[in-house]
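Protein chains in written order, with my numbering: chain A, 7 to 198; chain B, 17 to 147. The block underneath contains the structure these notes are about, expressed in C-alpha cells.
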Amino acid sequence: YSFFTGQPRWRKQALTYVFSPENQLSDEVKAVFSRAFDRWSTVIPLNFSQTDSVYTADIRIAFFSGDHGDGEPFDGVLGTLAHAFSPQNGRLHLDDDEHWVMTGDVRTSKLTSAVDLESVAVHEIGHLLGLGHSSVEESIMYPSISSRTRKVELATDDIEGIQTLYGSNPNFNGSSAQSVQERETGSGSGSG
Amino acid sequence: HFFPNLTSIPEELLKNATGNPWDFFQQLAGCHAGEKYDGLAKLKHYFQYFGYIPNSLSNFTDDFDDYLESALRTYQQNFNLNVTGELDDQTVNHVVRPRCGNPDIINGSTSMNSGKTNNTSSSHHFHTVSH
C-alpha cells in the first residue's frame, strides 16, 4: 500500500457524500456506491452517509465525459476509467462513456468493454480516503483492472494501509469480505 | 452508459462496441532501444501521464530513448512484470489495460515497488554524462 505525499487523511469520522444532481443517477447506481463505502467502513472507524446537499457534502461523486475542467480529461470507452483526489478534497470522477455494469457476473458479459462499477468505486474511494496505488495485484488499490472483471473485496494490503491511517473498526473481525457478504445476503446481524 | 445487469446490454451495442484508446500501443510491441518507431511519442505521453517520465520533459520524439527505457523498467517493476526495459508482449498487454487515471508516481515519489528501498532496480537507472 502507499499514501499520498504527507499522508493526508480525514479528521472526522462521519463523512457525507453527494451525487452530482446533473447525472440524475438511479437508485441502483447509488446502491452500488453505498456497498462500496460499506466495504471500507467495515474495516475502519469511519462511516459514510448520503446527503442531497452539494454544498456541505465531504465527498462529491460525478460522471463526466471527456474534458471536465480538472485538467484530467476522460478518454472514452476503456483507457482511464475514473480518478479521485486525496483527502480532504473529496472529488470522485468517473468516465461517463464507459459501459458500467451494476449487478451480475460481469465476467460472463458478451460486451468486451463492460466494466464493473462497484470494483472501480471501491478503488476510487480508497484514493478519497488517502491510499495511493499498490503493486500487490490482488489488492483493490492495484492501478489497473481489465474489463469484465470484478474485484471488490479488500485485500490484506488494502486493510493494512487504510488502518495505518485511521485505525481499525472496533467491530472488524479480520474478514471484511465476510462482513459485507453477510450484509448483502441479509444474514448479518443488521446492527449496522 | 449504465446497465443494471448483463441482460440489459442492447444487442446493437454488442455489435458496434468500440475499442480501447490504447489498443494502438499493441503495434509497438517488439520495438527496440536506440531505434525510431511511429507512435513512441504517444507512448511517452502515456508514461508521463502516469508519472513515469518527468513533467519537465516535453516535445517527445518517436525515438526509443533512455527516458522511455527507464520508464519501462520502472513500470515493469511496479506491476511485477519482468524488468527488461523492452516493449515485450507482456508489458504492452499490460499497458493497454483499463486503469485508474491517478498517477502511479507523484513528483517522482511512489510507494509502489519501484519506490521501495533495497529494490533491485537501482542498477537499472539510466546514467547521464555531460554532452
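Virtual Cβ for every residue (Gly too), placed ideally from N, Cα, C.
On the DSSP letters alone, give me the boundaries of the alpha helix (DSSP H) that residue i sits inside.
i, result
"residue 109/B", "105-111"
"residue 38/A", "33-47"
"residue 57/B", "56-65"
"residue 105/A", "That residue, residue 105/A, is in no alpha helix (DSSP H); its beta strand (DSSP E) goes 105-107."
Tell me where the beta strand (DSSP E) around residue i begins and ends.
i, result
"residue 55/A", "53-56"
"residue 1/A", "No answer is possible for residue 1/A: it lies beyond the span of chain A, which begins at 7 and ends at 198."
Pull up the DSSP beta-bridge partners for residue i, would you.
i, result
"residue 171/A", "Answer is none; residue 171/A lacks a bridge partner."
"residue 17/B", "Answer is none; residue 17/B lacks a bridge partner."
"residue 79/B", "52/B"
"residue 90/A", "98/A"
"residue 21/A", "54/A"
"residue 66/A", "24/A and 97/A"
"residue 131/A", "Looking at the DSSP assignment, residue 131/A forms no beta bridge with any residue, so it has no partner."
"residue 30/B", "DSSP output for residue 30/B lists no bridge partner at all."
"residue 120/A", "105/A"
"residue 122/B", "125/B"
"residue 115/B", "86/A and 150/A"
"residue 9/A", "137/A"
Residues of chain B with a CB under 7 Å from the CB of residue i: which are they?
i, result
"residue 149/A", "115, 116 and 120"
"residue 138/A", "127"
For residue i, does the count of other Cβ atoms within 10 angstroms reach 16, so buried, or fall short, so exposed?
i, result
"residue 73/B", "exposed"
"residue 107/B", "buried"
"residue 48/B", "exposed"
"residue 149/A", "buried"
"residue 76/A", "exposed"
"residue 90/B", "buried"
"residue 28/A", "exposed"
"residue 180/A", "exposed"
"residue 132/A", "buried"
"residue 46/B", "exposed"
"residue 58/A", "exposed"
"residue 187/A", "Unreliable positioning characterises residue 187/A in this predicted model, as indicated by a pLDDT of 42, which lies under 50. The coordinate reading is nonetheless provided below. The residue in question, residue 187/A, is exposed, as its Cβ has fewer than 16 Cβ neighbours within 10 Å."
"residue 122/A", "buried"
"residue 23/A", "buried"
"residue 117/B", "buried"
"residue 88/A", "buried"
"residue 19/A", "exposed"
"residue 136/A", "buried"
"residue 24/B", "exposed"
"residue 136/B", "Low per-residue confidence applies at residue 136/B: pLDDT is 46, beneath 50, and the placement is therefore not dependable enough to give any value."
"residue 61/A", "exposed"
"residue 198/A", "Unreliable positioning characterises residue 198/A in this predicted model, as indicated by a pLDDT of 25, which lies under 50. The coordinate reading is nonetheless provided below. Answer is exposed; the Cβ neighbour count stays below 16."
"residue 141/B", "At residue 141/B the pLDDT is 48, less than 50, meaning the model places this residue with poor confidence and gives no usable figure here."
"residue 93/B", "buried"
"residue 141/A", "buried"
"residue 61/B", "exposed"
"residue 42/B", "exposed"
Would you mind telling me which residues of chain A sit closer than 7 Å to residue i, beta carbon to beta carbon, in chain order?
i, result
"residue 125/B", "11"
Can you pull the chain A residues whose beta carbon is under 8 Å from the beta carbon of residue i, in chain order?
i, result
"residue 44/B", "Per Cβ cutoff of 8 Å: no residues; residue 44/B is ~16 Å from chain A at best."
"residue 21/B", "107, 108, 109 and 110"
"residue 29/B", "105 and 117"
"residue 17/B", "102, 103, 104, 105 and 106"
At a Cβ threshold of 8 Å, is residue i touching chain C?
i, result
"residue 72/A", "The structure shown contains no chain C; its protein chains are A and B."
Give the interface partners of residue i over in chain A, defined as CB-CB distance under 9 Å, in chain order.
i, result
"residue 96/B", "141, 142 and 143"
"residue 41/B", "Neighbours of residue 41/B on chain A: none; closest Cβ ~11 Å, over 9 Å."
Could you tell me which chain B residues have their CB closer than 8 Å to the CB of residue i, listed as they occur along the chain?
i, result
"residue 84/A", "35, 36, 37, 38 and 114"
"residue 81/A", "37"
"residue 59/A", "Under the 8 Å cutoff, chain B gives no residues; its nearest Cβ is about 24 Å from residue 59/A."
"residue 8/A", "126, 127, 128 and 131"
"residue 68/A", "Ordered by position in chain B, no residue passes the 8 Å Cβ test against residue 68/A, which lies about 14 Å from the chain."
"residue 63/A", "The premise fails here: residue 63/A is roughly 21 Å from chain B at the closest Cβ pair, so nothing lies under 8 Å."
Could you name the residues of chain B that residue i contacts, counting a contact when the two beta carbons are closer than 9 Å?
i, result
"residue 47/A", "Ordered by position in chain B, no residue passes the 9 Å Cβ test against residue 47/A, which lies about 21 Å from the chain."
"residue 87/A", "114, 115, 116 and 117"
Exercise. Mind checking the stretch 21-42 of chain A against chain B and listing, in chain order, the residues whose C-beta falls within less than 9 Å of any C-beta there?
Key: Listed by position along the chain: 31, 32, 34 and 35.
Quiz item: Got a sec: which bits of the stretch 60-82 of chain B sit with their beta carbon under 9 Å from any beta carbon on chain A, in order along the chain?
Solution: Listed in sequence order: 65 and 66.
Exercise. Would you list, in chain order, the members of the stretch 97-126 of chain A that have their beta-carbon closer than 9 Å to a beta-carbon of chain B?
Key: Answer set for the stretch 97-126 of chain A: 99, 101, 102, 103, 104, 105, 106, 107, 108, 109, 110, 111, 112, 114, 115, 116, 117, 118, 119, 120, 121, 123 and 126.
Self-check item: Contact list for the stretch 147-180 of chain A against chain B, Cβ threshold 8 Å
Solution: Contacts with chain B (Cβ-Cβ distance below 8 Å) from the stretch 147-180 of chain A involve 149, 150, 151, 152 and 153, listed in chain order.
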